[in-house]
Amino acid sequence: MPNHRQIMLTPYRDGPLLVRGPAHVVDADGRELPRRRDPIALCRCGKSRLRPLCDGTHKLIDFRAGGAPDSGCDGAGELERLGLALAQE
Ligand code: FES
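So the number in this note's numbering is just where the residue sits in the sequence shown, counting from 1, plus 3.
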């Protein structure tokens with residue numbers, strides 16, 4: 004169980020990448036995403052109208068993706084694919 008100071012990345016099966024904990028999420032240009040909630044959900048399907056945030060569109064398009072490291076999905080790789088990085092608060 005993570006403590007309140009740990010950052011945790013959780014790729015949800017057929018859904019977004021959740022970021023929990025004290026993290027700043029920045030894009031490739033160093034711009035910080037506004038953080039209004041914890042966790043934040045980052046879009047993995049590429050169809051959200053709020054990218055890089057998830058807006059639930061993945062359900063409408065029947066997006067399929069693994070949710071575990073042994074399925075070829077890992078949180079750090081997903082962040083890199085999204086052009087994002089984390090920094091600890
Ligand atoms: S993962 Fe939810 S809208 Fe893309």
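Every residue, glycine too, gets a C-beta built ideally from N, C-alpha and C.
In this text, all values refer to a predicted model and were calculated from it rather than measured experimentally.
- Going by beta carbons, His61 and Arg47 fall inside the 9 Å limit.
- For Pro42 against Val22, the beta-carbon gap comes to about 6 Å, under 8 Å, which counts as contact.
- Residue nearest to Leu87 within the set Arg16, Tyr15, Ala44 and Gln9 is Ala44 (criterion: CA-CA distance).
- The beta carbon of Ala31 sits closer than 6 Å to the beta carbons of Gly86 from its chain, once the five residues preceding and following it are set aside; these are given in chain order.
- The criterion of a C-beta distance shorter than 9 Å is satisfied by Arg8 and Pro25.
- For Thr13, DSSP records a beta bridge to Leu21.
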